[in-house]
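Numbering (our numbering), first residue to last: 85 to 403. Each remark here refers to the structure printed beneath this line.
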């Protein structure tokens, strides 16, 4: 689940193309961007709110009627009536939509959702300094020939000195291994392909190279998390970083094997779509048997830098 912090900065879903085929082919940097959730299918938290409420794997309410009934019995039911009409609970579809608006207003306006209170923010404002280890981690994070992380997880101030949210909100196809802890993945014919479905349906037939794309998350508070990537494949920050730099140099450490013992790279996509995976952006250009761009010591330094992105009030999620 992407972070609920810094939501106000998320742009609308967009993907624009030049009219000319020649220009489209030459524009290799043109990526889809924005929208809420991993596949960007909602343009506001208000629109997104109904999904977990009605999803059988999450809050499992059976319908808008079910949600409205529960709202009508809540401690804040009268406040809800005062805001949206005394008869609001007799209009369940509208009540569900209004609930989304309330949640969005809270997430957008309560200062706890965008505190910008990390050590990283203090350093940007000249009120603190990185340790040598943190500074080296930042250098590795930013180096286009090493981690190259800052190409997607932007670290520079924006307009009028706005602090970055550590993402460009673009979509990438990283080829994260299949997570067999997910019940749906026990079906060999099921694939979560992000922009290409199964939850998002509007882009599936438009752009086949969208299949396997997921939105780049913010790295703010990343050191407090215990689940990483769209499918929750890894449960430590160290494993996540190590996968990133060893995906191509040591694929046998990360991917499943077929009946003949051969490594199946990019096994969470159908075979005919595995060419969609990014192999052109550093360090995802490395070859089998090559030396990973980060050593064990480098990974520890990058982790030290990422820890500076933790907000002052953030707590590590227990496993």
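Backbone N, C-alpha and C fix where the C-beta goes; we use that ideal spot for every residue, glycine too.
{"query": "Using only CA atoms, which one of 164, 312, 89 and 236 lies nearest to residue 255?", "result": "236"}
{"query": "In whole angstroms, give me the CA-to-CA distance for residue 344 and residue 351.", "result": "15 Å"}
{"query": "Ignore the nearest five residues each way along the sequence and tell me which others in residue 164's own chain have a CB closer than 7 Å to its CB.", "result": "155 and 172"}
{"query": "Take residue 183 as the anchor and find which of 135, 226 and 198 has the nearest alpha-carbon.", "result": "135"}
{"query": "Among 124, 389 and 141, whose alpha-carbon lies nearest the alpha-carbon of residue 303?", "result": "389"}
{"query": "Does the Cβ-Cβ distance between residue 275 and residue 208 come in under 9 Å?", "result": "no"}
{"query": "Which residues in the same chain as residue 370 place their Cβ atom closer than 6 Å to its Cβ, once the five residues preceding and following it in sequence are excluded?", "result": "332 and 333"}
{"query": "How is the alpha helix (DSSP H) around residue 384 delimited, first residue to last?", "result": "380-391"}
{"query": "Compute the distance between the beta-carbons of residue 278 and residue 358, then report whether it is under 9 Å.", "result": "no"}
{"query": "Identify every residue that forms a DSSP beta bridge with residue 117.", "result": "98 and 254"}
{"query": "Using the C-alpha atoms, what's the distance from residue 147 back to residue 327?", "result": "40 Å"}
{"query": "How big is the Cα-Cα spacing for residue 372 and residue 336?", "result": "10 Å"}
{"query": "For residue 160, count neighbouring C-beta atoms within 10 Å of its own C-beta (all shown protein chains included) and say buried if the count is 16 or more, exposed if not.", "result": "exposed"}
{"query": "So is residue 124 buried or exposed if we call it buried at 16+ other beta carbons inside 10 Å?", "result": "buried"}
{"query": "Hey, quick one: how far does the alpha helix (DSSP H) through residue 322 stretch, first residue to last?", "result": "321-330"}
{"query": "With a 10 Å radius around its C-beta and 16 neighbouring C-beta atoms as the bar for buried, classify residue 314 as buried or exposed.", "result": "buried"}
{"query": "Could you tell me which uninterrupted alpha helix (DSSP H) segments, each at least 4 residues in length, are contained entirely in the region 205-269, listed from first to last along the chain?", "result": "216-226"}
{"query": "Which residues in the same chain have their Cβ closer than 6 Å to the Cβ of residue 231, if we skip the five residues on either side of it in sequence?", "result": "224 and 225"}
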